[in-house]
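Worksheet: the structure to be examined is printed underneath.
Protein chains: 2
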Amino acid sequence: MLLQDRTSASCAPARCLSCKARGNSLCAAMADGELSALHAIGRRRNLPAGQAFNWAGDRNHHCATVVEGMLKVTASTSDGREQIVGLLFPGDFVGELFADDATLTVSALCETDLCTYPRAAFERTLEDHPRMERLLLRRTLLALGDARGRMLALGRRNARERIAGFLLDLVERTGRPAANGGTRIAIPISRGEMADYLGLTIETVSRQLSQLKAAGILAFAKGDRGCTVLREASLQAILNPA
Amino acid sequence: MLLQDRTSASCAPARCLSCKARGNSLCAAMADGELSALHAIGRRRNLPAGQAFNWAGDRNHHCATVVEGMLKVTASTSDGREQIVGLLFPGDFVGELFADDATLTVSALCETDLCTYPRAAFERTLEDHPRMERLLLRRTLLALGDARGRMLALGRRNARERIAGFLLDLVERTGRPAANGGTRIAIPISRGEMADYLGLTIETVSRQLSQLKAAGILAFAKGDRGCTVLREASLQAILNPA
DNA sequence: GCCGCGATTTGACCGGCGTCAAAGCCCCCG
DNA sequence: CGGGGGCTTTGACGCCGGTCAAATCGCGGC
Chain P
10 MLLQDRTSAS CAPARCLSCK ARGNSLCAAM ADGELSALHA IGRRRNLPAG QAFNWAGDRN
70 HHCATVVEGM LKVTASTSDG REQIVGLLFP GDFVGELFAD DATLTVSALC ETDLCTYPRA
130 AFERTLEDHP RMERLLLRRT LLALGDARGR MLALGRRNAR ERIAGFLLDL VERTGRPAAN
190 GGTRIAIPIS RGEMADYLGL TIETVSRQLS QLKAAGILAF AKGDRGCTVL REASLQAILN
250 PA
Chain G
10 MLLQDRTSAS CAPARCLSCK ARGNSLCAAM ADGELSALHA IGRRRNLPAG QAFNWAGDRN
70 HHCATVVEGM LKVTASTSDG REQIVGLLFP GDFVGELFAD DATLTVSALC ETDLCTYPRA
130 AFERTLEDHP RMERLLLRRT LLALGDARGR MLALGRRNAR ERIAGFLLDL VERTGRPAAN
190 GGTRIAIPIS RGEMADYLGL TIETVSRQLS QLKAAGILAF AKGDRGCTVL REASLQAILN
250 PA
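Going line by line, the protein sequences match chains P and G.
Under this note's numbering, residues 10 to 251 are what the first sequence spells out, in order.
Under this note's numbering, residues 10 to 251 are what the second sequence spells out, in order.
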């Protein structure tokens with residue numbers, strides 16, 4: 010163990026060098042030699058689709074970074090209504106730092122690989138590596154900006170506008186030019202999860218998508234998640250009314 | 010100028026020593042001697058009630074910390090619907106770091122004193138003082154947690170529940186025991202601002218408050234902002250239904 | 001192919017909250 | 001003391017989106 014630490018201090022651990030999330034995760038702040046500090050406390054973990062990484066109310070022992078896959082972060086009311094308050098993609102940091110108890114539930118939207126760390130050890134590592142702390146600050150600020158945009162959507166936009174905004178986000182994140190001049194996007198989550206993300210119900214989401222299809226703005230290929238956006242400008246017009 | 014910097018490097022600038030926000034602002038991370046770094050780039054500024062510190066869409070030149078007073082951070086749609094996405098109190102940091110353009114509008118809810126900094130200079134100071142950066146990270150994480158709680162409220166709670174939650178927040182923040190065994194709270198903002206904060210309309214806020222009064226849960230003294238909570242447990246029960 | 005199950009879509013209905021309007025209240029100022 | 005303007009309350013009404021229910025689709029297993 011000690012020996013391994015010493016050797017890996019001079020060259021990055023193999024698991025890290027081949028890591029798909031390296032480069033856009035917090036690890037990017039670490040020089041190859043420093044990675045051993047994280048490597049020593051990190052464990053790889055695979056999370057099957059649907060399974061929770063942790064539950065709101067549990068003691069908050071672990072944090073992680075997403076290596077591959079997607080997670081949702083949800084908050085819920087005492088009677089079970091649920092709101093997705095964040096989505097996490099490869100490279101994103103997972104967890105609530107500096108808090109003894111978790112207030113949010115994190116679970117996998119599809120099969121997901123994580124690099125998990127004991128929270129206490131991670132926080133210590135953070136203190137020792139200001140570059141990593143700085144990177145985390147930037148990410149947290151981005152997440153906060155995102156959260157604020159979603160507060161506007163949840164508080165002030167109607168169902169049509171929320172759907173349009175969501176689809177435009179997907180265009181930006183996953184859009185690829187389609188044959189017919191439209192843009193093909195993946196919709197990586199179920200209707201129910203879209204509803205939880207947008208603060209709507211499944212039925213409303215489905216109806217709105219049907220209307221957009223009827224209006225010739227969207228087209229669905231049968232039997233797959235995803236669709237192609239035929240008239241992006243129309244979505245923009247819905248999102249930003251005069 | 011240079012001379013002043015040198016002298017103040019050995020003892021904290023007088024303005025900082027007497028600052029009411031010292032101790033719970035980012036400055037708390039600075040030893041007395043370090044404060045000159047902030048002092049040199051900071052300017053005091055007084056903002057009359059209602060006036061904006063900056064507008065969404067402007068170049069993002071300045072940030073600040075709140076010395077005294079209260080600010081609101083608002084996001085709005087292209088057609089003018091407005092959502093308050095944050096409230097700022099003495100000691101809180103004001104501004105969107107690492108962004109060239111402001112996406113949010115910040116304005117004073119009452120007469121407010123700020124200590125403002127050019128954003129670029131502040132970011133440089135941050136780099137030189139990891140303790141301050143760490144404090145900012147903690148605050149940003151708290152703000153993110155708060156934002157997520159508000160997403161749940163805006164996305165999944167009805168008007169009654171939002172009002173109850175808001176009042177309970179005020180009890181925690183400003184509550185003082187009242188003569189009749191109730192808790193006296195200050196409501197430091199107008200009905201319109203409450204509505205913007207809660208994602209409701211003025212009329213709905215007013216109606217809900219009237220209902221709580223009729224139910225004997227709240228009592229309003231005539232002619233002042235504020236009220237006393239007679240039955241806090243009832244508010245809890247509204248916020249967390251079975 | 002056929003069945004069964006979950007996800008999605010569609011329909012009917014209704015209630016909460018937004019909208020529009022008017023009245024009331026408070027405070028400032030003359 | 002009276003008048004005016006802004007904030008707040010209250011009322012009437014309509015619509016959006018939630019609820020309940022049923023039909024349809026998609027897919028895997030046998």
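Beta carbons: idealized from backbone N, C-alpha and C, even for Gly.
Contacts with chain P (Cβ-Cβ distance below 8 Å) from the stretch 121 to 155 of chain G involve E136, P139, E142, R143, L145, L146, R147, T149, L150, A152, L153 and G154, listed in chain order.
Residue pairing of P:N69 in beta bridges, as defined by DSSP: absent, with no partner found. Taking 8 Å as the upper bound for CB-CB distance, G:A38 and G:H138 are in contact here, some 7 Å apart. Around the beta-carbon of G:E142, 16 or more other beta-carbon atoms lie within 10 Å, marking it buried. G:C124 sits away from G:R182, with the two beta carbons spaced by 8 Å or more. By DSSP's assignment, P:Q92 forms a beta bridge with P:A84. At a Cβ-Cβ threshold of 8 Å, P:T121 and P:N63 do not count as neighbours.
The CB of P:A84 comes closer than 8 Å to the CB of R157, G158, M160 and L161 in chain G, given here in chain order. Rounded to the nearest angstrom, the gap between the Cα atoms of P:S87 and G:A168 is 16 Å.
Here P:Y126 is bridged, per DSSP, to P:C72.
Rounded to whole angstroms, the separation of the alpha carbons of G:D178 and G:N55 is 27 Å. Contact of P:T112 with chain G is assigned, a C-beta pair being separated by under 8 Å. When C-beta distances to chain P are compared with 7 Å, the residues of the stretch 201 to 214 of chain G below that value are G208, in chain order. Contact check between the stretch 233 to 247 of chain P and the stretch 20 to 34 of chain G: fewer than three CB pairs, one atom from each, fall below 8 Å, which does not count as touching. Among the CB atoms of chain G, none fall inside 8 Å of the CB of P:S243.
Put simply, the CB of P:P22 is far from chain G, with every gap to its CB atoms at 8 Å or more. Counting C-beta pairs closer than 8 Å gives fewer than three between the stretch 62 to 76 of chain G and the stretch 140 to 160 of chain G, which falls short of the contact rule. The C-beta of P:V75 comes no closer than 8 Å to any C-beta of chain G.
The alpha-carbon separation between P:S243 and P:I226 amounts to approximately 7 Å.
Taking G:L35 as the centre and dropping the five residues before and after it, the same chain places the C-beta of T74, F102, M141, L144 and L145 closer than 7 Å to its C-beta, in chain order. Listed by position along chain P, the residues whose Cβ is nearer than 7 Å to that of G:G164 are Q92, L163 and G208. Note on geometry: alpha-carbon atoms of P:R68 and P:D109 lie some 6 Å from one another. Ranked by Cα distance from P:A58, the options P:P186, P:A152, P:S199 and P:F229 are led by P:S199. DSSP lists G:V238 as the bridge partner or partners of G:L227. Residue range L44 to I50 is occupied by the alpha helix (DSSP H) that includes G:S45. For the alpha helix (DSSP H) assignment, the uninterrupted runs of no fewer than 4 residues enclosed by the stretch 121 to 204 of chain G are, from N- to C-terminal side, 128 to 137, 139 to 165 and 168 to 183. Nearest neighbour of G:S215 by Cα position, chosen from G:A173, G:V180 and G:N189, turns out to be G:A173. Per DSSP, the unbroken alpha helix (DSSP H) holding P:A23 starts and ends at A23 to L26. Counting of Cβ neighbours within 10 angstroms places G:R166 among the buried residues, the total reaching 16 or more. The beta-carbon separation of G:M79 and G:L118, rounded to 4 Å, stays under the 8 Å limit for a contact. Looking only at G:N189, G:L106, G:L163 and G:T134, the smallest Cα-Cα distance to P:S85 is reached by G:L163. Per the coordinates, the alpha-carbon of P:T213 lies some 42 Å from the alpha-carbon of G:H70. With a cutoff of 8 Å on beta-carbon distance, G:Q60 and G:G208 are scored as not near each other.
With respect to the C-alpha of G:G201, the residue from G:F229, G:A246 and G:T210 having the closest C-alpha is G:T210. Here G:R54 is bridged, per DSSP, to G:L123.
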